[in-house]
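For reference, the structure is listed below as structure tokens.
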Amino acid sequence: MRFEVPQFIEIEDKIFGPLTWRQFLYLGGGVGMGVVLFFTTPFIIFVIFGLPLALLAGALAFYPVNNRPFSFFLEAIIGYLGGTKLYLWKQKQDQVHKYNFTPSQIPDAPLPNASPLNAPKNIASLARRLE
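For the sequence shown, this note's numbering begins at 2 and goes up steadily by one.
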């Protein structure tokens, strides 16, 4: 007798209509907190805090990042921002060697046959050599 191997074990069960248990809890918590803010605080406070809270709940429930739930992405962001960071190389601000020197003046040596009077002769001789 052959046994049936379960398929698609990574898919969560739909418990509340088209919603999984996790989606239902995220949406229920977000909507519940939004309703409490709407009835207990002035409208501007509700807009400032309630609407971003509802957007976060919607993202947690429905928005996958790289085929993983948004909660994993949010957890990674919080862990990165709050955790210690390992710097393998960090440039130091102090200077180890500090030299004060003045460059010496080297007199320019005159170039042989570099007078402006010899320039047409040099060009003519170069042209003859190239032909």
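Even for Gly, the Cβ is constructed at its ideal location relative to N, Cα and C.
Distance CB(residue i)-CB(residue j) smaller than 9 Å
i	j	result
F71	Y64	yes
N68	F74	no
F50	T42	yes
P11	T21	Going by the sequence as given, residue 11 is Glu instead of Pro. For E11 and T21, no; Cβs fall outside 9 Å.
F47	G35	yes
Exposure label - residue i; buried when at least 16 CB within 10 Å
i	result
G84	exposed
L38	buried
A58	buried
Y88	exposed
8 Å contact criterion, which residue i and residue j should meet: CB distance rounded
i	j	result
A62	Q24	4 Å
Quiz item: So does the segment 24-33 actually touch the segment 47-59, counting three or more Cβ pairs closer than 8 Å?
Solution: Taking 8 Å as the limit for Cβ pairs, the verdict is that the segment 47-59 does touch the segment 24-33.
Self-check item: Secondary structure, alpha helix (DSSP H): runs of 4+ residues fully inside the segment 36-107
Solution: 52-63, 71-83
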